[in-house]
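S.K.: Sending over a structure as structure tokens; questions will come in a sec.
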Amino acid sequence: MPTFWLVLALIALSVAGFFLGRNRALVSAGGNSKDLHSLPSYYGHNVALSALVPALALLAIWLLVQPMIIDQRVSSMIPEETISEGSTIGLVMSDVRRVAEGLDLAVAEGAMTQEQARNLRSEFSDVRGRLGEIGVALGADVRPEVLRAAQTYRTLSNTGNIAMTVMVALVALGGFGWSYGRTHKDFRARNVVEQGILALLILAASLAILTTIGIVLSMLFETRNFFSLHSWTDFFFGGTWAPNFRGDSDLSILPLLWGTLYISVIALLVAVPIGLFAAIYLSEYASKTTRSFAKPLLEILAGIPTIVYGLFALLTVGPALVRFFGQGENGILGVEWMSGATSVLTAGVVMGIMLIPFVSSLSDDIINAVPQAMRDGSLGLGATRSETVRQVVMPAALPGIVGAVLLAASRAIGETMIVVMGAGAIAKFSLNPLDSMTTITTRIVSQLTGDTDFASPETLVAFALGLTLFVLTLGLNVLALYIVRKYREQYD
Amino acid sequence: AAARDQVQVAGSSTVLPYASIVAEAFGENFDFPTPVVESGGSSAGLKRFCEGVGENTIDVANASRAIKEKEIKACAEAGVTDIIEVRIGYDGIVFASDINGNGFEFTPTDWFLALSDKVSVDSKLVDNPNKTWADVNGDFPAQAIQAFIPGTKHGTREVFEEKVILAGCEETGAFELFKEANGGDEKAAEKACIALRTDGVSVDIDGDYTETLARIESNKDGIGVFGLAFYENNTDKLQVATMSGIVPSTESIATGEYPVSRPLFFYVKKAHIGVIPGLKEYAEFFVSDEVAGPDGPLSEYGLVADPELAKTQEAVASEATMGGNS
Amino acid sequence: MNDMTAMDSTVETQRTKIAANSVNVYYGDSHAIKDVNVEIEDKTVTAFIGPSGCGKSTFLRCLNRMNDTIDICRVTGDILLEGEDIYDKRVDPVQLRAQVGMVFQKPNPFPKSIYDNVAYGPRIHGLAKNKAELDEIVEKSLRRGAIWDEVKDRLHSPGTGLSGGQQQRLCIARAVATEPEVLLMDEPCSALDPIATAQVEELIDELRENYSVVIVTHSMQQAARVSQKTAFFHLGNLVEFGPTGQIFTNPEDPRTESYITGRIG
Amino acid sequence: MNDMTAMDSTVETQRTKIAANSVNVYYGDSHAIKDVNVEIEDKTVTAFIGPSGCGKSTFLRCLNRMNDTIDICRVTGDILLEGEDIYDKRVDPVQLRAQVGMVFQKPNPFPKSIYDNVAYGPRIHGLAKNKAELDEIVEKSLRRGAIWDEVKDRLHSPGTGLSGGQQQRLCIARAVATEPEVLLMDEPCSALDPIATAQVEELIDELRENYSVVIVTHSMQQAARVSQKTAFFHLGNLVEFGPTGQIFTNPEDPRTESYITGRIG
Amino acid sequence: MPRKHGNSLLELTDRTKRRNAAEARFKAYGIAAIAVGLLMLVVLVTTIFSKGLGAFQQTFITLQVELLEEKLDKNGNRDLDDIKKVTTFGYAPIIRNAVETKVTELGVETPLKGKDMAGLLSKDAAATLREFVIANPDEIGKTVEFRFLAQSRVDGYLKGRVSRDSIENDKNISAEQLDLVDALVAADVIEKTFNLDFILGADASDARPEAAGMGVSMLGSLFMMFVVLALALPIGVAASIYLEEFAPQNWLTDIIEVNISNLAAVPSIVFGILGLAVFINYMHLPTSAPLVGGLVLTLMTLPTIIISTRASLKAVPPSIRDAALGVGASKMQAVFHHVLPLAAPGILTGTIIGLAQALGETAPLLLIGMVGFIASNAPDSIASGLLSPNSAMPAQIYEWAKRADPAFYERAWGGIIILLVFLITMNTLAVILRRRFERRW
Ligand SMILES: Nc1ncnc2c1ncn2[C@@H]1O[C@H](COP(=O)(O)OP(=O)(O)OP(=O)(O)O)[C@@H](O)[C@H]1O
Ligand SMILES: Nc1ncnc2c1ncn2[C@@H]1O[C@H](COP(=O)(O)OP(=O)(O)OP(=O)(O)O)[C@@H](O)[C@H]1O
Ligand SMILES: [Mg+2]
Ligand SMILES: [Mg+2]
Ligand SMILES: O=P([O-])([O-])[O-]
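Chains as they are written, first to last, in our numbering: chain A, 17 to 508; chain B, 2 to 327; chain C, 55 to 319; chain D, 55 to 319; chain E, 2 to 442.
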């Protein structure tokens with residue numbers, strides 16, 4: 017908990033810094049805030065941030081690095097030969113840590129004095145038993161070298177913690193003092209603070225890049241393994257997807273890609289018109305009350321767990337479709353086009369329903385943001401509301417709407433449960449929407465969670481699928497960006 | 002990083018119910034915290050098991066199949082050398098259909114003829130022409146063939162292919178024809194044998210038995226593949242078919258009469274014993290008579306108890322690793 | 055009023071195009087237009103003058119029911135266009151607005167190309183049979199809006215990239231493109247230089263030959279130049295309404311006089 | 055020019071506040087301002103006149119770097135404020151804009167209350183120590199904007215619910231509330247009636263005592279009334295710049311003359 | 002001069018009629034779209050409620066149990082270590098006795114043996130009893146009244162899920178046992194009441210569905226949502242502000258932009274792979290911890306929030322920015338004071354949708370160990386809430402839906418009800434906030 021108090025102290029310092037900095041600035045301007053370069057609060061923020069941010073950063077780094085250093089120091093105390101075969105130094109170290117924590121707890125609970133904890137010898141006392149009494153379970157009796165290591169570990173951690181507290185406090189005070197010293201009426205506090213904020217904004221934006229790098233890296237290695245075991249020509253250009261347990265499976269992405277596209281397109285064909293019309297109705301026609309109820313209600317659709325949609329597809333929508341397109345003479349259309357409840361259409365329709373709020377809610381916000389003057393201009397020319405919406409409002413709201421549709425499409429590509437239950441698990445090329453098919457994402461999940469040997473191409477293919485999908489969607493997004501750029505219409 | 006104090010288990014979803022029953026009882030009866038039992042599949046579990054030795058790796062991997070040679074190698078490369086293999090019993094695989102529908106008495110041949118991509122007609126391989134069960138076997142009713150079988154991710158599928166389809170393939174003589182067609186290549190012939198038709202008659206279920214059940218509810222002609230325990234909990238909705246004349250039950254499977262079953266395992270990382278509190282106690286508790294014996298809660302839930310349980314207990318107690326060195 | 059008696063075109067004998075009877079407008083609780091009665095004649099330019107905030111725009115917007123788009127705005131009284139109450143339930147505001155066009159006080163070009171801005175009205179009203187006709191309408195309207203020369207080379211660049219005065223003229227062109235019977239213009243020349251203003255005034259004069267024009271203006275000179283009738287609003291009241299000449303030379307109400315001579319605001 | 059020689063306040067001897075040297079502005083490929091040189095003096099009202107679309111607003115926006123916000127806009131040449139290049143990298147446009155205020159051609163009140171509209175500038179610049187002072191600034195600014203009487207009872211209703219002219223005056227009030235040294239006003243009176251116009255002109259006159267004002271106007275009369283210097287722009291060129299009296303009575307360039315007498319637009 | 006536009010205003014021209022028809026159609030499409038959406042919602046919600054409400058009721062059996070000393074504490078010295086040596090299996094005879102006593106007391110005739118009678122009780126009963134004894138060793142030797150959970154089939158029988166026909170082949174329960182149940186119900190020993198433990202309790206194993214509850218996993222979800230909200234919203238908004246308002250228009254920004262929309266299309270399980278690699282294997286954070294779950298879901302939710310925030314920032318007209326800059330506001334001030342509040346509705350919408358998605362997601366949790374049997378206790382502090390093993394609501398539901406006993410199926414739907422209530426509670430705040438920010442200009 018020292019960290020907790022340290023953080024609390026930092027926050028307190030930074031709050032104090034805010035007021036002191038603000039005051040000092042005001043004093044330097046002789047109490048007249050108008051003589052200051054920036055608003056007084058910016059001087060406060062400057063001091064507060066200078067005290068807080070570097071100190072917090074140091075604290076974070078310290079917390080990451082200290083255990084590593086201590087681990088290294090302590091692990092050198094464990095003689096090589098005492099590590100039993102098959103075990104590792106890492107494992108012994110976790111034992112060390114557990115004992116050290118147990119001792120800490122014992123001291124904290126008063127079951128032991130500091131002194132005792134420091135001088136305890138496993139040769140003479142039953143450490144496991146004593147720790148067991150206070151609820152610290154150990155896997156085995158404590159060996160002397162482990163106990164000694166644990167004691168060193170405690171000492172080092174203590175020293176480390178003290179050093180950390182001192183250093184962090186120094187940095188905080190340093191930051192405080194430096195920025196406090198700089199506080200003067202001519203100091204450009206706003207610019208500095210804003211630059212700080214801008215840096216934070218950039219940091220936030222670059223997180224996306226880091227995530228992407230992380231994703232690619234976490235899949236690249238296994239993808240390479242996959243391609244060393246399986247021919248890439250089959251993966252990219254083969255026509256069959258048929259994993260089996262004996263190896264030598266056909267693992268081609270093409271039928272999966274086809275299924276993914278087909279199902280996503282159907283889902284979007286359901287979600288986009290319904291979502292868009294709902295958004296238009298909500299923002300252009302509906303009364304305030306209707307809107308304030310209908311919109312959040314529709315949003316619930318996005319929060320219903322997909323397993324419910326899966327069951328809905330399997331038990332309700334699928335059989336309903338079969339009644340239409342199947343059952344031969346007994347069916348409603350008297351045709352025999354569909355045998356099972358699972359089909360591309362089933363999954364697509366149900367997924368489309370789930371995606372309605374993705375399109376409707378966001379589009380509604382964007383449409384609502386189009387200035388009224390645009391509508392007035394059109395209505396004033398004798399346009400009907402629908403003409404206004406279609407020809408003036410929608411083009412103006414296009415970038416946002418494309419964003420919403422992309423979001424829905426993305427979700428459609430990433431969905432698994434609905435596909436598994438609604439579309440089946442068979443990969444095939446077919447134009448018939450009443451056939452079962454499957455998607456890349458569901459195959460990723462099932463190959464990753466299946467029973468095939470984890471080093472086999474049948475499992476590793478999941479990574480190759482993931483990476484390929486990543487590249488494909490990247491292409492789609494580039495296209496979307498291009499379209500938005502081309503058709504964007506800026507109002508005002 | 003704070004030290005971990007509970008046993009961490011991951012792996013097969015087939016073993017999960019048993020492991021969770023054990024974990025629950027373990028938590029109740031011991032001073033150790035309740036172990037965490039994750040599901041995610043045998044292979045995912047073994048993969049995490051083999052990621053290395055250390056606190057941030059799991060201690061036990063559940064598997065509905067034996068660990069493969071390649072996996073042992075991968076394990077060893079990551080430093081996981083001493084693995085204790087524990088067989089806890091058997092999972093029976095049964096064929097069941099809607100309770101109000103027709104009853105069936107199957108043989109592997111029936112299934113091969115119903116589901117294979119190609120069957121032999123007059124000693125020639127042709128695309129499977131069978132539409133109804135009556136086409137397959139004159140004794141069966143003219144009910145449309147609609148099979149819900151485990152998807153290719155499930156270990157059960159492998160058992161189904163080996164013990165049912167392949168057996169049927171050989172019985173009908175199609176195996177020889179396939180072998181001929183593939184120039185005497187046995188492997189290719191086996192692969193051809195287990196290729197199933199893709200015209201919608203045979204439906205792969207990637208989800209779980211609940212999904213299979215739901216499918217049968219929405220299509221009364223359907224016949225599905227289930228675990229014995231699942232069937233026993235849903236006897237109000239399902240009727241079970243016999244295989245080669247044997248009714249599946251814990252007894253008939255334990256004696257080996259009923260052919261379609263598979264062993265269930267868990268694997269313990271020996272290096273973690275003595276480090277992770279409660280690990281050994283958990284393993285011993287799992288295979289104790291009270292728990293895994295024929296009257297224990299596992300068997301009550303549907304596990305086919307291992308006739309050689311005593312041997313297993315001994316092996317766990319002595320921490321005997323695979324490959325013999327203890 | 056439905057017979058065709060409007061052959062003669064002297065100011066006095068024009069038939070009434072729009073008649074407003076005791077019109078009141080409220081924005082929420084505030085009473086913006088107070089019991090206004092006014093008759094707007096056909097083939098006449100009527101000027102609305104009055105200090106800023108007195109309700110000119112509000113009243114103007116009543117005449118083609120643009121007020122409908124403001125939630126809190128409420129209108130009572132009748133406004134008759136050719137004897138028909140435009141607030142009647144059976145009246146379709148869309149058809150009304152096609153007949154009664156409007157140029158808004160703040161230029162509001164659509165975020166589209168200049169061409170599309172002007173072509174928008176003709177398109178929705180189906181005034182052009184084909185592309186060539188549409189091109190012709192667009193050109194003619196832009197010419198009438200006195201902006202053709204400036205934009206003829208950039209017809210397909212966005213209307214929002216024009217200067218303030220250009221936007222205003224674009225909006226005028228857009229409004230005349232649909233050939234409304236009545237054109238309501240809210241300060242159409244506020245951002246225009248004298249020459250452009252003169253051109254727009256010329257347009258207004260030209261329009262008067264067939265249509266009725268209502269113009270809001272702050273420039274007494276402009277009112278005097280272009281209008282035949284003038285209405286003076288003050289604090290939501292229609293203080294005086296009469297022939298322009300009379301209002302400017304011989305106002306009846308002292309407030310009118312004060313305003314014209316620059317004493318009240 | 056940095057020494058304080060501006061004690062005398064005759065028109066001729068005011069020191070230069072802003073000096074623009076060969077300024078060119080491009081919107082993408084189109085060349086909107088062509089090599090303009092102009093000196094704007096302290097304590098002086100400078101009027102920019104010229105036909106619609108000639109680049110007045112564009113040039114005005116250069117003077118406080120509001121052009122930065124238009125992606126496609128590119129400025130070359132230097133503009134010196136008190137001898138310092140405002141396009142210098144070290145110049146903080148924010149500080150610049152606090153010194154060089156602006157009233158836009160199209161009124162753009164914030165979608166906030168009238169009070170907050172005016173108080174915004176003083177708040178971010180820390181011009182008021184407390185609520186009372188802020189109230190005072192707001193009232194004073196609204197009075198200077200000649201709109202206090204109309205809005206004093208509705209200070210907390212939204213600024214977007216005002217009439218066009220009221221919005222314009224609100225924007226003027228908002229701009230003067232921050233007490234800029236230079237005030238750029240883009241057609242500040244376009245939507246105002248003569249009385250309000252007169253009040254704003256009075257304000258401009260008052261501001262001139264301490265600050266420098268640049269005003270874009272289409273009204274020659276207004277330019278003549280309020281300004282000491284006038285610049286005439288035509289097709290992006292600064293055609294003529296000089297004392298207002300001289301420009302209006304004795305222009306050097308034939309184009310200026312044509313414009314003033316109403317022949318080119 | 003004939004009237005060009007034709008006749009009376011009161012009579013619509015053909016063209017107007019046509020356009021009005023188009024207008025009416027357009028509007029009807031809108032209404033239809035909303036109706037379809039709402040209809041689906043109603044269908045789904047009624048399905049959920051009709052299947053799940055049962056889970057909130059549970060059958061209990063009230064028994065007087067004699068805590069026999071010779072079974073529970075043979076040495077009679079109340080040494081806790083000795084008492085603990087008796088496992089739950091050792092409690093079975095005590096429970097059997099209690100049932101037999103009760104049945105005899107009531108004078109009910111039954112052919113059943115003690116073991117089968119005790120079979121009416123949940124296997125949880127022994128655990129309840131043992132826990133009680135360890136907490137109150139002094140009660141050993143006395144007779145104490147307990148309210149035990151009934152076995153799931155008994156519960157199903159009272160709820161109508163199980164009938165005498167349906168148990169024909171069921172070896173978990175017999176017709177005789179149901180007769181006994183009927184008799185005990187008549188004697189008020191068995192009753193069905195509201196079951197708070199379903200809302201507050203922890204998961205239970207497959208052998209005792211009647212004891213399973215959502216509470217602990219609800220806390221797991223709660224902690225994850227805290228993490229997601231605390232990280233995804235500020236980071237997402239910050240990133241969008243940078244990209245939309247400050248970033249120079251260049252290829253780098255384009256790359257970031259495309260990247261972000263692409264992240265939205267990454268299947269959620271891939272975020273699990275990433276989380277496993279980065280947070281667990283690299284940073285050594287504990288597995289099954291809500292903190293890690295929250296971090297993974299944050300990464301997954303970020304694109305949603307960023308895309309919607311950017312869209313709504315784009316929708317704010319530039320004149321607002323001009324106005325602020327014109328009075329000397331810095332860009333930062335213009336954005337934070339004017340643009341951001343105007344974009345708030347869209348940001349909140351993105352948050353609502355993003356959180357809904359995060360709340361319902363299971364796939365990534367699978368890889369970081371939050372799916373399975375994780376019956377930990379309710380956390381006792383924020384740190385343990387974030388770090389000790391836990392599951393999440395959707396994972397819990399998903400697990401239940403897979404389990405064999407039909408009683409779990411009912412609980413899965415019940416869990417969905419709780420999830421939805423949780424979601425709606427979470428959304429309500431955002432919806433109210435959003436309504437406050439909505440305005441047209
Ligand atoms: N954002 C823009 N994008 C492209 N061109 C522009 C843009 N803004 C102005 N222009 C063009 O630059 C020229 C000068 O415009 P500016 O707005 O400076 O004119 P102005 O003198 O203010 O005219 P007005 O009196 O009509 O306001 C015009 O031709 C105009 O069309
Ligand atoms: N949307 C609105 N909500 C509330 N009040 C409004 C609204 N629009 C206008 N008003 C008020 O109604 C009154 C009349 O406004 P109107 O716009 O008709 O004035 P105006 O005569 O056009 O003035 P200007 O010459 O300044 O444009 C004013 O007091 C104005 O503040
Ligand atoms: Mg007006
Ligand atoms: Mg301009
Ligand atoms: O989850 P399984 O590995 O048993 O299929």
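Just so you know, even glycine gets a beta-carbon here, dropped at the ideal spot from N, CA and C.
Note that the coordinates shown come from a computational prediction; the quantities given were computed from them, not determined experimentally.
Could you tell me whether any Cβ in chain E is nearer than 7 Å to the Cβ of VAL154 of chain C?
M.R.: For VAL154 of chain C, the answer is no, since every Cβ of chain E falls outside 7 Å of its Cβ.
S.K.: If SER358 of chain A and GLY334 of chain A are in contact, beta carbons under 8 Å, what's the gap, nearest whole angstrom?
M.R.: Per the sequence shown, residue 358 of chain A should be read as Thr rather than Ser. Right, their Cβ atoms sit about 6 Å apart.
S.K.: Using the Cβ count rule (16 or more neighbours within 10 Å means buried), how would you classify TRP21 of chain A?
M.R.: TRP21 of chain A should be labelled exposed.
S.K.: LEU121 of chain E lies in the alpha helix (DSSP H); which residues open and close that run?
M.R.: Element bounds for LEU121 of chain E: n/a, residue is neither H nor E.
S.K.: ALA182 of chain C and ILE168 of chain C: beta carbons closer than 7 Å?
M.R.: Result no, Cβ atoms of ALA182 of chain C and ILE168 of chain C do not sit closer than 7 Å.
S.K.: Using a Cβ cut-off of 7 Å (strictly closer), state whether LEU24 of chain A contacts chain D.
M.R.: For LEU24 of chain A, the answer is no, since every Cβ of chain D falls outside 7 Å of its Cβ.
S.K.: For ligand 4, is there a heavy atom less than 6 Å away from the beta-carbon of GLN159 of chain D?
M.R.: Indeed, a heavy atom of ligand 4 lies less than 6 Å from the Cβ.
S.K.: Given PRO196 of chain E, which residues of its chain have a CB within under 7 Å of its CB, disregarding the five upstream and five downstream residues?
M.R.: For the sequence presented, residue 196 of chain E should be read as Asn rather than Pro. Within the same chain, ASN196 of chain E has close Cβ partners PHE57, GLN58 and GLN59.
S.K.: Can you check whether the C-beta of LEU10 of chain E is within less than 7 Å of a C-beta belonging to chain C?
M.R.: Answer yes: the Cβ-Cβ gap between LEU10 of chain E and chain C drops below 7 Å somewhere.
S.K.: Output yes or no for whether 7 Å exceeds the beta carbon distance between ALA64 of chain B and PHE266 of chain B.
M.R.: Closer than 7 Å, so yes.
S.K.: Starting from PRO94 of chain E, trace the alpha helix (DSSP H) in both directions and tell me its first and last residue.
M.R.: 89-107 is the span of the alpha helix (DSSP H), which, as asked, contains PRO94 of chain E.
S.K.: Would the beta-carbon of SER382 of chain E fall within 7 Å of that of ASN391 of chain E?
M.R.: Contact flag unset, no.
S.K.: Can you name, in chain order, every residue of its own chain whose Cβ lies under 7 Å from the Cβ of ALA32 of chain A, other than the five neighbours on each side?
M.R.: Hits under 7 Å: none found.
S.K.: In the DSSP assignment, what are the bridge partners of PHE96 of chain B?
M.R.: Looking at the DSSP assignment, PHE96 of chain B forms a beta bridge with B:VAL226.
S.K.: Assign TRP248 of chain A to one of two classes, buried (16 or more other C-beta atoms within 10 Å of its C-beta) or exposed (fewer than that).
M.R.: Answer is exposed; the Cβ neighbour count stays below 16.
S.K.: Under 7 Å, Cβ to Cβ, is there at least one residue of chain A near GLY181 of chain D?
M.R.: In the sequence on display, residue 181 of chain D carries Leu and not Gly. Output row for LEU181 of chain D: interface = yes.
S.K.: Taking the alpha-carbon positions, what's the GLU29 of chain B to GLN7 of chain B distance?
M.R.: Those two C-alpha atoms are separated by around 14 Å.
S.K.: For a quick check, are the C-beta atoms of ILE456 of chain A and LEU272 of chain A less than 7 Å apart?
M.R.: Yes, they are a contact pair.
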